[in-house]
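Student:
Residue numbers (the working numbering): 41 to 837.
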């Protein structure tokens, strides 16, 4: 695995779907999985094309109840292209003797290639080479080039190129009995010898999707226009052409596709736009060249390099950046979309948006803040939906959904399937109210990194005010303790849905939720103070915000209850210390992999609610989001003690009680452990780094990459090991380089100033771009300096 290429040197049917997810190509508008062009959905392959934000809603029965769910739509497959020699079957590598195989994802160029030599049952040897891209600069276009060389045979070859609208959502079978066909054919035709077009419409959301494709053939350098046989089924439009090849001759097939939807701006009709786009598009080579140029511009903003000897680590980090940018790129800025937890690479979680965006935006803020801004506007446009949901539950302000899709309503299903039993487990994760804190964190972190006061004025402050209203209304006052409490919620842990034996789900005083609520209230107060007087008055009138309500925010933010036990252990929730200890060794011996203890305990007729355990970080998320200094300030505001040893004790306590059942776990654990044991942190980092490349969860990557973990590893490298914190109009540096990492270099954007940063074991060098618009404040240790345009800070740390 060289520094810029993810390579596979053999065809492995058992791993094909994982590779298809990892080799997905996209541009922020649409993405196509890395399936072979000749493949159709079966037990080995799964072609999938997903358009950002295109969802459809269907009804199904879950655990005996009629419910509806919304899912990301698998759109028509533009990639479909196959061939056969003489009257043989259409190519299927599973029936061939494969002489050589090489598939490469070229990260620098945003291109996927495949080179195969195979021999068929008649002894004919053929060399097949392919290149494909999804254009980063022209977001509606994609291209595929196929070159076929007849090594030891001569004869007729048939080429079948089509747009396949027979697709369905069958990658993840987690809704048994649910309708999987989400698109219905509307129109389509073969327009000429080389252009076909198909229009479909989603069955419920009624979004029209137009796909057009132009296929040209060239034999031995001459344009080839043989007679063409049309395939015109309602949902499958294509051509079959034949050519005569001499022994040793080559045939080049050049396919360019365009995709438009009825949601696109500045078009009168999607079919017309798609047809015009492919008719006017340059040839494959010219399109590829311009596509590579656009990727070069993106990589220029993502400079990251490690010390010598870390080529493979650098390559995987680039793969992670690659997938982040294919999900949320400059093309995303004009679209009403967010960053789903699996990107646009598969159908896991139905393409919904969770709190994973917290990990994605943290990276984008420093490299593509305009994209971060666009993703935050997805939340702003759904404020009214969040307000409605809050009112429905009896709260004020805005209560954002745990799972979000097209319109901002709660999309969390009532139950999820247990693969160990074939039954259902009730899903109460809609009670994870900490999603409001994650949205507030994303808004404030964007502001801290960019200083974008216009965003705070126009959108951010309103989001923060409504989130503060929610936290204020969900908090109840305990007269006896003279403290505010929050009841009926779930924490990030997700294994604990309620108290043992309780009929009603929900927990009281989850520490992470309570502290995040306090932090959110403080940031709403800060936002009001930073707004110009005229804007503060406008918002107060518009939102009917009165001084007594703001005073309550102050009161709640100073008297929220934080439950602890033992020697300063922060309780995951009130009553946690009374739960039973799990015999971890016995369960590991019995089951081996125990990451999903909820499945295991349910199959045993038991429940995680009885035990001190967690799927993923809960209390420990506090040490991920906040520095020791900021946590100390928060606890001091609440009148509680906090010190470094308290952090260490909590990390040791909860790490022993985690099943590590999510890819995000390893990112968070690597981060928090870096403050006390860098060698251990490096081990966790490398596990997180390989989450998808090695599919460490044993079968989840084929359903889509884990975007939060991918972005989290890069963010960990830059912010944790690089020691970067943007807070209080100052960029702070406190590097933590593991012994295994003697040098780290990166480029990032802070307050419109590009900074080139190099950290070594004892030196920190920061160089500001010559054309930076203004100076920025840099803090190293306790020393604060002003870095002017073109200036340099070179200091020990």
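Don't be surprised by glycine CBs; every beta carbon is placed ideally from N, CA and C.
Is it a yes or a no for the stretch 722–737 touching the stretch 348–366, going by three-plus beta-carbon pairs under 8 Å?
Tutor: Verdict: yes, contact present.
Student: Below 8 Å on the Cβ atoms is my contact criterion, and I expect residue 514 with residue 583 to pass it. Report the Cβ-Cβ distance as a whole number of Å.
Tutor: Reading the chain shown from its first residue, position 474 is the one you call residue 514. Reading the chain shown from its first residue, position 543 is the one you call residue 583. Actually they are not in contact, since the Cβ atoms of residue 514 and residue 583 sit about 18 Å apart, beyond 8 Å.
Student: Is the Cβ-Cβ distance between residue 435 and residue 510 less than 9 Å?
Tutor: By 1-based counting over the chain shown, the position of residue 435 is 395. By 1-based counting over the chain shown, the position of residue 510 is 470. Yes. Within cutoff.
Student: Which residue spans inside the stretch 726–774 form an unbroken beta strand (DSSP E) run of at least 3?
Tutor: The qualifying runs are 764–767 and 770–773.
Student: Since residue 46 is in the beta strand (DSSP E), which residue starts that stretch and which ends it?
Tutor: Along the chain shown, read from residue 1 onward, the residue named residue 46 stands at position 6. Run containing residue 46: 45–48, per the beta strand (DSSP E) assignment.
Student: Taking buried to mean at least 16 other C-beta atoms within 10 Å of its own C-beta, is residue 109 buried or exposed?
Tutor: By one-based count along the chain shown, residue 109 stands at place 69. By the 10 Å Cβ count, residue 109 comes out buried.
Student: Output the distance between the C-alpha atoms of residue 443 and residue 613, rounded to the nearest integer angstrom.
Tutor: Reading the chain shown from its first residue, position 403 is the one you call residue 443. Reading the chain shown from its first residue, position 573 is the one you call residue 613. Distance between the alpha carbons of residue 443 and residue 613 is about 23 Å.
Student: Would you report the Cα separation of residue 490 and residue 90, rounded to the nearest angstrom?
Tutor: The residue labelled residue 490 in the question sits at position 450 within the chain shown. The residue labelled residue 90 in the question sits at position 50 within the chain shown. Approximately 31 Å between the Cα atoms of the pair.
Student: Going by CA-CA distance only, name the one from 524, 300, 189 and 780 that's closest to residue 285.
Tutor: In the chain shown, counting from the first residue as 1, residue 285 sits at position 245. That would be 189, whose Cα lies nearest to the Cα of residue 285.
Student: Considering only C-alpha positions, which residue in the set 569, 736, 545 and 531 is nearest to residue 552?
Tutor: Locating residue 552 in the chain shown gives position 512, counting from the first residue. Cα-wise, what sits closest to residue 552 is 531.
Student: Checking 9 Å against the spacing of the C-beta atoms, do residue 121 and residue 78 come in under that value?
Tutor: The residue you call residue 121 lines up with position 81 of the chain shown. The residue you call residue 78 lines up with position 38 of the chain shown. Yes, these two residues count as a Cβ contact at 9 Å.
Student: Are the stretch 532–548 and the stretch 648–667 in contact at 8 Å, needing three or more beta carbon pairs?
Tutor: Yes: at least three Cβ pairs fall under 8 Å.
Student: Which of helix, strand or coil does DSSP assign to residue 303?
Tutor: Here the question's residue 303 lines up with position 263 in the chain shown. Correct three-state label for residue 303: coil.
Student: Between which two residues does the beta strand (DSSP E) holding residue 869 run?
Tutor: The structure shown does not extend to residue 869, since the chain is modelled only from 41 to 837, so the question has no answer here.
Student: Whose CA, out of 541, 116, 720 and 605, lies closest to the CA of residue 208?
Tutor: Your numbering for residue 208 matches position 168 in the chain shown. Measuring from the Cα of residue 208, the nearest candidate turns out to be 116.
Student: Taking the continuous alpha helix (DSSP H) assigned at residue 591, which residues delimit it?
Tutor: Position 551 of the chain shown, counting from 1, holds the residue named residue 591. From DSSP, the alpha helix (DSSP H) with residue 591 extends over 587–599.
Student: Pull up the distance between the alpha-carbon of residue 367 and that of residue 67, whole angstroms please.
Tutor: In the chain shown, residue 367 corresponds to position 327, counting from 1. In the chain shown, residue 67 corresponds to position 27, counting from 1. One C-alpha to the other measures close to 7 Å.
Student: Sorted by chain position, which residues of the same chain lie with C-beta nearer than 7 Å to residue 827's C-beta, five sequence neighbours on each side aside?
Tutor: As a working note, residue 827 is residue 787 in the chain shown. Correct list, in chain order: 806, 808, 815, 816, 818 and 833.
Student: State the start and end residues of the unbroken alpha helix (DSSP H) segment that holds residue 791.
Tutor: Here residue 791 is taken as the residue at index 751 of the chain shown, counted from 1. Note, residue 791: premise wrong, no alpha helix (DSSP H); not H, not E.
Student: Identify the residues that DSSP records as bridge partners of residue 294: which are they?
Tutor: Along the chain shown, read from residue 1 onward, the residue named residue 294 stands at position 254. DSSP output for residue 294 lists 185 and 256 as bridge partner(s).
Student: Report, in whole angstroms, the separation of the C-beta atoms of residue 486 and residue 601, which I expect to be a contact under 8 Å.
Tutor: Locating residue 486 in the chain shown gives position 446, where the first residue counts as 1. Locating residue 601 in the chain shown gives position 561, where the first residue counts as 1. At roughly 30 Å, the Cβ-Cβ gap does not stay under 8 Å, so residue 486 and residue 601 are not in contact.
Student: Does DSSP classify residue 507 as helix, strand or coil?
Tutor: Numbered from 1 along the chain shown, position 467 holds the residue referred to as residue 507. Helix, per DSSP.
Student: For residue 787 and residue 797, what's the separation of their Cα atoms in angstroms?
Tutor: Within the chain shown, residue 787 is the residue found at index 747, counting from 1. Within the chain shown, residue 797 is the residue found at index 757, counting from 1. In a straight line, the C-alpha of residue 787 is about 6 Å away from that of residue 797.
Student: Find out if the Cβ-Cβ distance for the pair residue 344, residue 661 is shorter than 9 Å.
Tutor: Translated into the one-based positions of the chain shown, residue 344 becomes position 304. Translated into the one-based positions of the chain shown, residue 661 becomes position 621. In this structure, residue 661 does not lie closer than 9 Å to residue 344 by Cβ.
Student: Can you tell me where the beta strand (DSSP E) holding residue 108 begins and where it ends?
Tutor: If you number the chain shown from 1, residue 108 lands on position 68. Its beta strand (DSSP E) spans residues 105–115.
Student: Is the distance from the Cβ of residue 320 to the Cβ of residue 293 below 9 Å?
Tutor: Position 280 of the chain shown, counted from the start, is the residue given in the question as residue 320. Position 253 of the chain shown, counted from the start, is the residue given in the question as residue 293. No, these two residues do not count as a Cβ contact at 9 Å.
Student: Pull up the CB-CB distance for residue 279 and residue 201, whole angstroms please, since I reckon it's below 8 Å.
Tutor: Numbered from its first residue, the chain shown carries residue 279 at position 239. Numbered from its first residue, the chain shown carries residue 201 at position 161. With a Cβ gap of about 6 Å, residue 279 and residue 201 count as contacting.
Student: In angstroms, rounded to a whole number, what distance separates the CA positions of residue 70 and residue 94?
Tutor: Here residue 70 corresponds to residue number 30 of the chain shown, with the count starting at 1. Here residue 94 corresponds to residue number 54 of the chain shown, with the count starting at 1. C-alpha separation (whole angstroms): 10 Å.
Student: Beta strand (DSSP E) containing residue 178: first to last residue?
Tutor: The residue you call residue 178 lines up with position 138 of the chain shown. Careful: residue 178 lies outside any beta strand (DSSP E) and carries neither H nor E.
Student: Exposed or buried, which one is residue 143 when buried takes at least 16 other CB atoms within 10 Å?
Tutor: As a first step, residue 143 is located in the chain shown; it is residue number 103 there, counting from the start. It counts as buried.
Student: Taking residue 695 as part of the alpha helix (DSSP H), name the residues at either end of that continuous run.
Tutor: Taking the chain shown and counting its residues from 1, one reaches residue 695 at position 655. Here the alpha helix (DSSP H) through residue 695 covers 684–695.
Student: When the Cβ atoms of the stretch 665–672 are set against those of the stretch 730–746, are three or more pairs found closer than 8 Å?
Tutor: Touching, no, given that fewer than three Cβ pairs across the two stretches are closer than 8 Å.
Student: Could you compute how far the alpha carbon of residue 328 sits from the alpha carbon of residue 803?
Tutor: The residue given as residue 328 occupies position 288 in the chain shown. The residue given as residue 803 occupies position 763 in the chain shown. Approximately 41 Å between the Cα atoms of the pair.
Student: Mark residue 744 as exposed unless 16 or more other C-beta atoms lie within 10 angstroms of its C-beta, in which case mark it buried.
Tutor: To locate residue 744, count along the chain shown from 1; it is residue 704. The residue in question, residue 744, is buried, as its Cβ has 16 or more Cβ neighbours within 10 Å.
Student: Could you pull out every residue in the same chain whose Cβ sits closer than 7 Å to the Cβ of residue 545, ignoring the five residues on either side in sequence?
Tutor: Residue 545 sits at position 505 when you count from the first residue of the chain shown. So the list reads 468, 471, 537 and 538, once near-sequence residues are dropped.
Student: For the beta strand (DSSP E) containing residue 826, name the first residue and the last one.
Tutor: Along the chain shown, read from residue 1 onward, the residue named residue 826 stands at position 786. Unbroken beta strand (DSSP E) run through residue 826: 823–827.
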